[in-house]
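Novice: Just so we're aligned: the sequence shown equals residues 4 to 177 in our numbering. Here it is, the structure, as structure tokens.
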Amino acid sequence: MLALADHAGRPGQSARASALWPAQSKLQKATNTFTLLTFLHPLCPCSRASLAELARIQGAAGDHLAITVVIGLPQGLVAADAREMIETVQHIPGAQIVLDPDDVETRRFGCYTSGQALLYSPEGKLRYQGGITGSRGHEGDNAGKSALLAALEQTAPAAASAPVYGCCLRNGKN
Numbered sequence: 004m005l006a007l008a009d010h011a012g013r014p015g016q017s018a019r020a021s022a023l024w025p026a027q028s029k030l031q032k033a034t035n036t037f038t039l040l041t042f043l044h045p046l047c048p049c050s051r052a053s054l055a056e057l058a059r060i061q062g063a064a065g066d067h068l069a070i071t072v073v074i075g076l077p078q079g080l081v082a083a084d085a086r087e088m089i090e091t092v093q094h095i096p097g098a099q100i101v102l103d104p105d106d107v108e109t110r111r112f113g114c115y116t117s118g119q120a121l122l123y124s125p126e127g128k129l130r131y132q133g134g135i136t137g138s139r140g141h142e143g144d145n146a147g148k149s150a151l152l153a154a155l156e157q158t159a160p161a162a163a164s165a166p167v168y169g170c171c172l173r174n175g176k177n
């Protein structure tokens, strides 16, 4: 039981995200509001909690946030592997879904762990990077979600960060 608790509380590798939106990205950045990118592996069981928290964030932010969920499809995975995740995202009002074959955008944004969230200002400046759950596969109030919401409300003094909890985006393994 102790090993399970240790694993649930062990964060994944944090992103090495650029301070500015990558010019080469094919993802659309909102120009009149903040853009939240969330990177997920379709086979990571931790992603369910990340999507539940994402829905709560959207509920709190409303029209002040454009959400894009980037579902990585590393080599060997196809869109059908993401079917359940796509259906879940479709229930988050306004959320866009981008399938990322061979993890092109995932790598471009420097993400390594499923559940990684990146919040960019309308000017393309990184305001938050990290997770939106407090541990692997667990929903509820947590420091990451609070830091993201503070950045969105522009009450955070600088770009905020928090640990990200999830599986490796390259292979979906814990």
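Glycine included, each C-beta is placed from N, C-alpha and C at the ideal position. Computed from a predicted model, the values in this text were never measured in an experiment.
In the DSSP assignment, what are the bridge partners of Thr-158?
Specialist: Mapped onto the sequence shown, residue 158 falls at position 155. Bridge partners of Thr-158: none, in fact.
Novice: Take Asp-84 and list the residues in its own chain whose beta-carbon comes closer than 6 Å to its own, dropping the five residues that flank it on each side.
Specialist: The sequence position of residue 84 within the sequence shown is 81, counting from 1. Here the set comprises Pro-45.
Novice: Any idea what DSSP makes of Asp-66, helix, strand or coil?
Specialist: In the sequence shown, residue 66 corresponds to position 63, counting from 1. Three-state result, Asp-66: helix.
Novice: Please report the Cβ distance between Ser-164 and Gly-127, rounded to the nearest whole angstrom; I am assuming they are in contact, meaning their Cβ atoms lie under 8 Å.
Specialist: Taking the sequence shown and counting its residues from 1, one reaches residue 164 at position 161. Taking the sequence shown and counting its residues from 1, one reaches residue 127 at position 124. Ser-164 to Gly-127, Cβ: 18 Å. No contact.
Novice: Identify, in the order they occur along the chain, each residue of the same chain with its Cβ nearer than 6 Å to the Cβ of Ala-18, setting aside the five sequence neighbours on each side.
Specialist: Counted from its first residue, the sequence shown places residue 18 at position 15. Counting only Cβ-Cβ distances below 6 Å, and skipping sequence neighbours, we find Gly-113, Cys-114, Gln-119 and Gln-132.
Novice: Assuming Leu-122 and Leu-155 are in contact, meaning their beta carbons sit under 8 Å apart, how far apart are those beta carbons, in whole angstroms?
Specialist: Position 119 of the sequence shown, counted from the first residue, corresponds to residue 122. Position 152 of the sequence shown, counted from the first residue, corresponds to residue 155. Sure, about 7 Å apart at Cβ, within 8 Å.
Novice: What does a CB cutoff of less than 7 Å around Pro-48 pick up in its chain, not counting 5 residues either side in sequence?
Specialist: Numbered from its first residue, the sequence shown carries residue 48 at position 45. Result list for Pro-48: Gly-140, in chain order.
Novice: Mind checking whether Leu-102 and Ala-82 have CB atoms under 9 Å apart?
Specialist: Residue 102 sits at position 99 when you count from the first residue of the sequence shown. Residue 82 sits at position 79 when you count from the first residue of the sequence shown. Contact flag set, yes.
Novice: Whole angstroms is fine: what's the gap from Arg-13's alpha carbon to Cys-170's?
Specialist: Along the sequence shown, one-based indexing puts residue 13 at 10. Along the sequence shown, one-based indexing puts residue 170 at 167. Rounded to the nearest angstrom, the two C-alpha atoms are 11 Å apart.
Novice: Pick helix, strand or coil for Gln-27, following the three-state DSSP scheme.
Specialist: Taking the first residue of the sequence shown as position 1, residue 27 is located at position 24. Here Gln-27 sits in coil by DSSP.
Novice: If you draw a straight line from the C-alpha of Ser-21 to the C-alpha of Gln-78, how long is it?
Specialist: Taking the first residue of the sequence shown as 1, we reach residue 21 at position 18. Taking the first residue of the sequence shown as 1, we reach residue 78 at position 75. Approximately 25 Å between the Cα atoms of the pair.
Novice: Looking at the strands, I want to know which residues DSSP matches up with Cys-171.
Specialist: Against the sequence shown, residue 171 aligns to sequence position 168. DSSP output for Cys-171 lists Thr-116 as bridge partner(s).
Novice: Given Glu-90, which residues of its chain have a CB within under 8 Å of its CB, disregarding the five upstream and five downstream residues?
Specialist: Here residue 90 corresponds to residue number 87 of the sequence shown, with the count starting at 1. Hits under 8 Å: none found.
Novice: Got a sec? Which residues, its chain only, sit under 7 Å from Trp-24 by beta carbon, not counting five neighbours each side?
Specialist: Counting from one through the sequence shown, the residue named residue 24 turns up at place 21. Closer than 7 Å at the Cβ level, and outside the excluded window around Trp-24, lie Lys-32, Tyr-123 and Gly-127.
Novice: First and last residue of the alpha helix (DSSP H) that includes Arg-86?
Specialist: Counted from its first residue, the sequence shown places residue 86 at position 83. Counting along the chain, the alpha helix (DSSP H) containing Arg-86 begins and ends at 86-92.
Novice: Out of curiosity, what's the CA-to-CA distance linking Ser-149 and Thr-41?
Specialist: Locating residue 149 in the sequence shown gives position 146, counting from the first residue. Locating residue 41 in the sequence shown gives position 38, counting from the first residue. If you take the alpha carbons of Ser-149 and Thr-41, they lie about 16 Å apart.
Novice: What does the alpha-carbon distance come out to for the pair Gly-15 and Thr-136?
Specialist: For the purposes of this step, residue 15 is taken as residue 12 along the sequence shown, with counting starting at 1. For the purposes of this step, residue 136 is taken as residue 133 along the sequence shown, with counting starting at 1. Answer to the nearest angstrom: the Cα atoms are 12 Å apart.
Novice: Going by DSSP, what residue range makes up the alpha helix (DSSP H) through Thr-136?
Specialist: Counted from its first residue, the sequence shown places residue 136 at position 133. No alpha helix (DSSP H) contains Thr-136, which DSSP labels as neither H nor E.
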